[in-house]
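There are 2 protein chains.
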Amino acid sequence: MENTQANPIRIGVVGYGNLGRGVEAAVALNPDLQITGIYTRRDPAQLKPAHAQTPVYRLDDLDAHHGQVDVLILCGGSKDDLPVQTPALAAKFNVIDSFDTHARIPEHFAAVDAAAQGGKTTALISAGWDPGMFSINRIMGEALLPQGATYTFWGKGLSQGHSDAIRRVPGVAQGVQYTIPVQAAVDAVRSGSCPTLSTREKHERHCYVVLAEGAEAEVVRHTIVTMPHYFDEYDTTVNFISAEEFAREHSTMPHGGFVIRSGRTSAGTNQVVEYRLQLDSNPEFTASVLVAYARAVHRMAQMGLHGAKTVFDVAPGWISAKSPAQLRQEAL
Amino acid sequence: MENTQANPIRIGVVGYGNLGRGVEAAVALNPDLQITGIYTRRDPAQLKPAHAQTPVYRLDDLDAHHGQVDVLILCGGSKDDLPVQTPALAAKFNVIDSFDTHARIPEHFAAVDAAAQGGKTTALISAGWDPGMFSINRIMGEALLPQGATYTFWGKGLSQGHSDAIRRVPGVAQGVQYTIPVQAAVDAVRSGSCPTLSTREKHERHCYVVLAEGAEAEVVRHTIVTMPHYFDEYDTTVNFISAEEFAREHSTMPHGGFVIRSGRTSAGTNQVVEYRLQLDSNPEFTASVLVAYARAVHRMAQMGLHGAKTVFDVAPGWISAKSPAQLRQEAL
Numbered sequence: 001m002e003n004t005q006a007n008p009i010r011i012g013v014v015g016y017g018n019l020g021r022g023v024e025a026a027v028a029l030n031p032d033l034q035i036t037g038i039y040t041r042r043d044p045a046q047l048k049p050a051h052a053q054t055p056v057y058r059l060d061d062l063d064a065h066h067g068q069v070d071v072l073i074l075c076g077g078s079k080d081d082l083p084v085q086t087p088a089l090a091a092k093f094n095v096i097d098s099f100d101t102h103a104r105i106p107e108h109f110a111a112v113d114a115a116a117q118g119g120k121t122t123a124l125i126s127a128g129w130d131p132g133m134f135s136i137n138r139i140m141g142e143a144l145l146p147q148g149a150t151y152t153f154w155g156k157g158l159s160q161g162h163s164d165a166i167r168r169v170p171g172v173a174q175g176v177q178y179t180i181p182v183q184a185a186v187d188a189v190r191s192g193s194c195p196t197l198s199t200r201e202k203h204e205r206h207c208y209v210v211l212a213e214g215a216e217a218e219v220v221r222h223t224i225v226t227m228p229h230y231f232d233e234y235d236t237t238v239n240f241i242s243a244e245e246f247a248r249e250h251s252t253m254p255h256g257g258f259v260i261r262s263g264r265t266s267a268g269t270n271q272v273v274e275y276r277l278q279l280d281s282n283p284e285f286t287a288s289v290l291v292a293y294a295r296a297v298h299r300m301a302q303m304g305l306h307g308a309k310t311v312f313d314v315a316p317g318w319i320s321a322k323s324p325a326q327l328r329q330e331a332l
Numbered sequence: 333m334e335n336t337q338a339n340p341i342r343i344g345v346v347g348y349g350n351l352g353r354g355v356e357a358a359v360a361l362n363p364d365l366q367i368t369g370i371y372t373r374r375d376p377a378q379l380k381p382a383h384a385q386t387p388v389y390r391l392d393d394l395d396a397h398h399g400q401v402d403v404l405i406l407c408g409g410s411k412d413d414l415p416v417q418t419p420a421l422a423a424k425f426n427v428i429d430s431f432d433t434h435a436r437i438p439e440h441f442a443a444v445d446a447a448a449q450g451g452k453t454t455a456l457i458s459a460g461w462d463p464g465m466f467s468i469n470r471i472m473g474e475a476l477l478p479q480g481a482t483y484t485f486w487g488k489g490l491s492q493g494h495s496d497a498i499r500r501v502p503g504v505a506q507g508v509q510y511t512i513p514v515q516a517a518v519d520a521v522r523s524g525s526c527p528t529l530s531t532r533e534k535h536e537r538h539c540y541v542v543l544a545e546g547a548e549a550e551v552v553r554h555t556i557v558t559m560p561h562y563f564d565e566y567d568t569t570v571n572f573i574s575a576e577e578f579a580r581e582h583s584t585m586p587h588g589g590f591v592i593r594s595g596r597t598s599a600g601t602n603q604v605v606e607y608r609l610q611l612d613s614n615p616e617f618t619a620s621v622l623v624a625y626a627r628a629v630h631r632m633a634q635m636g637l638h639g640a641k642t643v644f645d646v647a648p649g650w651i652s653a654k655s656p657a658q659l660r661q662e663a664l
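If you read the protein sequences in the order shown, they are chains W and R. With the first letter of the first sequence counted as 1, position 102 gets the number 102 in this note's numbering; the numbers rise by one all the way through. With the first letter of the second sequence counted as 1, position 82 gets the number 414 in this note's numbering; the numbers rise by one all the way through.
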């Protein structure tokens, strides 16, 4: 596991949206990794990578590149791309994805596992921060403090799904939604009191909307705050702003949140473990997780650990560029 | 890796001080583990375990119990006990310790590894929270955000080493020392600004002292605050209190702290990862870590992963009582 800068791990990037661009930026910070190609369904000539020297290929070229890529980082969407791409590509390549439809993870795992077992490849699914780093902290918190409760708070952050939902409301020209943890709930959890919290008590939703020509603010507001599943169970605030303010203040994708495990190890003895992310860019951090775990995928493939894997199967040392001896000396 | 309550993992506890008592309490919260014996250098008849039915043996009896214990949890001290006990016992048993003399970890690892490789056992060293959970967060933070800085803050918490140091000062009848992170430093780190902080800027030290008969407060205070290595580089406050207040307010062992990794994934994009512990009882939490990782040691031994190991070598799923499929479904 020495740093192999002389012989970097060859990374292929499949898809080049926000996540793919984040992967390109993250790989540049890791001298033991190198992007050998970006693979796209678009016309490669039309795609301009941040690093002009990065080769861009058609997705169909991948077959011909078998043996020339150590790990593929799949940067497509969880709804339509990954359920098809990850199993298909895991049959021939070591892969990693950030599949994040929590309810469908067992199904996705099974499909990817069948392909990866067949191809003797290593395929890590659902890496990122939730699922991913938050998941690790949920299971470790529970294992360390079996008598207790686990709380996940998200935000302050831009929710892609909820932003999409408000953009579908008639009269909305542009819109974003921020999820914000309720401070009183966070404080109660941190105190070790293990409160029972309703959906409404944990998070607020704040929307920023640019109205379409002629739309009525109150009608739009009412449609949003009463929207089933998305908003009706929350305290939702809708702020109407100008297109200029929208462009100026709401063009980045911050996110983050907390996983808190609160438990007791004996009567009256509270122990609280908290993991917190404060991210200026959600896709760039997700990409950073994918890149570090791509290193682990390469090592696991070399160790013969084939099949579908998740972050739960990856020892912390495997994601580091440093050797085990160096890690023990510097960081233990 | 199913929950084996019908056939629990057999745990031997070596040493029965604060940590050993914490292990006994923690095992009671984990139905898949069972303490089969406490091993002591004292007279077993004089030792009263919290659970009266727990068998107590002489440390010398361990040899005869070979094959009857799955994992030994070693609860001795890092100065005198573990450097001898861990290699000696690793030659025959799967073991775990909380060796916490950071500078001597490579040496301890080498001695334990030789014994465990020879005995084909699994021996995990330096489990706890620092070294342990904090170490994991230091290496993962750096792997996820290679361009950045890592900060460890301790406290508010009782420091055993510094409390021992003030108790050696002439004129001190009783004394404890709390390490307290400086809030301004924590805030600066959380902001993502990656400040450079001196020792004095990161932590304060607060001492509570009961004076011995006839001792002069100012002399004691001066001796403490100028003590090289322990106090001279810090802003140290010494509070003189009565024996009654000392007994009432300073008999527990709270601790905790933060590991913060602050990094950039692109120009101007700050990402902050924070892991925080807030512990009513330092030894009970350390014991909880040892117990969860004892489960991993048992599994690693079954997988044939012999030799010395650290928390860096342990996948998160291995410390959980739940099956991989259950973890993926519930927590990913």
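Note that the Cβ used here is the ideal one computed from N, Cα and C, for glycine as well.
Query                                                                                                                                  : Result
Distance, His65 (chain W) Cα to Gly12 (chain W) Cα                                                                                     : 10 Å
Identified DSSP bridge partners for Cys207 (chain W)                                                                                   : W:Gln177 and W:Val238
C-beta neighbour in chain W for Phe441 (chain R), strict 8 Å                                                                           : yes
Exposure label - Gln634 (chain R); buried when at least 16 CB within 10 Å                                                              : exposed
First and last residue of the uninterrupted beta strand (DSSP E) at Glu274 (chain W)                                                   : Thr269 to Leu279
Chain W contacts from the stretch 381-392 of chain R (Cβ-Cβ distance under 8 Å)                                                        : none
Cβ of Thr86 (chain W) within 8 Å of any chain R Cβ                                                                                     : no
Helix, strand or coil at Ile73 (chain W) [DSSP, three-state]                                                                           : strand
Counted within 10 angstroms of its Cβ, other Cβ atoms place Arg374 (chain R) as buried (16 or more) or exposed                         : exposed
Any C-beta of chain R under 8 Å from that of Phe153 (chain W)                                                                          : no
Proximity of Asn270 (chain W) and Asp462 (chain R) at Cβ, strictly below 8 Å                                                           : no
C-beta contact flag for Leu368 (chain W) and Pro254 (chain W) at 8 Å                                                                   : Residue 368 (chain W) is absent from the model: chain W starts at 1 and stops at 332.
Run of the alpha helix (DSSP H) containing Gln329 (chain W), from where it starts to where it stops                                    : Pro324 to Ala331
Bounding residues of the beta strand (DSSP E) (the contiguous stretch that carries Arg500 (chain R))                                   : Segment: none, Arg500 (chain R) is in no beta strand (DSSP E) and carries neither H nor E.
Exposed unless 16 or more other CB atoms sit within 10 angstroms - verdict on Glu334 (chain R)                                         : Caution applies to Glu334 (chain R), whose pLDDT of 41 falls short of 50 and renders its modelled position unreliable; the value that the coordinates give is listed next. Label assigned to Glu334 (chain R): exposed.
Chain R contact for Ile105 (chain W) (CB, 8 Å cutoff)                                                                                  : yes
Proximity below 8 Å, CB of Pro513 (chain R) to CB of Asn350 (chain R)                                                                  : no
Same chain, Cβ closer than 8 Å to Ala307 (chain W), five either side skipped, listed in chain order                                    : The identity of residue 307 (chain W) in the sequence shown is Gly, whereas the question assumes Ala. These residues qualify, in order along the chain: Asp113, Ala116, Gln117, Thr122 and Ala123.
Ala50 (chain W) beta carbon less than 8 Å from that of Glu24 (chain W)                                                                 : yes
Among W:Pro146, W:His229 and W:Ala103, the one whose alpha carbon lies nearest that of Val272 (chain W)                                : W:Pro146
Near-chain W residues of the stretch 469-481 of chain R (beta-carbon distance less than 9 Å), N- to C-terminal order                   : Asn469, Arg470, Ile471, Met472, Glu474, Ala475, Leu476, Leu477, Pro478 and Gln479
Residue-chain proximity (Gln46 (chain W), chain R), Cβ-Cβ < 8 Å                                                                        : no
Euclidean distance between Cα positions of Gly503 (chain R) and Val542 (chain R)                                                       : 9 Å
Proximity winner among W:Ile96, W:Asp32, W:Val169 and W:Gly67, relative to Ala287 (chain W) (alpha-carbon distances)                   : W:Ile96
Beta-carbon contacts of Gly588 (chain R) that lie in its chain and below 6 Å, excluding the five residues immediately before and after : Gly489, Leu609, Gln610 and Leu611
Residues from the stretch 286-299 of chain W in contact with chain R, defined by Cβ distance under 7 Å                                 : Ser288, Val289 and Ala292
Chain-ordered residues of the stretch 255-278 of chain W with a beta carbon less than 7 Å from chain R                                 : Thr265, Ser266, Thr269, Asn270, Gln271, Val272, Val273, Glu274, Tyr275, Arg276, Leu277 and Gln278
Inter-residue spacing [alpha-carbon to alpha-carbon] between Pro87 (chain W) and Ala111 (chain W)                                      : 6 Å
Simplified DSSP state of Ala633 (chain R), which is helix, strand or coil                                                              : helix
Same chain, Cβ closer than 8 Å to Gln34 (chain W), five either side skipped, listed in chain order                                     : Pro8, Ile9, Arg10, Ile11 and Val27
Amino acids of chain R, ordered along the chain, whose beta-carbon sits closer than 8 Å to that of Glu284 (chain W)                    : Thr597, Ser598, Thr601 and Gln603
8 Å Cβ cutoff, Thr642 (chain R) in contact with chain W                                                                                : yes
Per-residue burial, Pro438 (chain R) [other beta carbons within 10 Å of its own, 16 or more giving buried]                             : exposed
Same chain only: Cβ atoms within 6 Å of Gly408 (chain R), ignoring 5 sequence neighbours per side                                      : Gly347, Leu414 and Gln417
With 16 other Cβ atoms within 10 Å as the buried cut-off, status of His229 (chain W)                                                   : exposed
Chain W contact residues for Val646 (chain R), given Cβ-Cβ distances below 7 Å                                                         : Ala315
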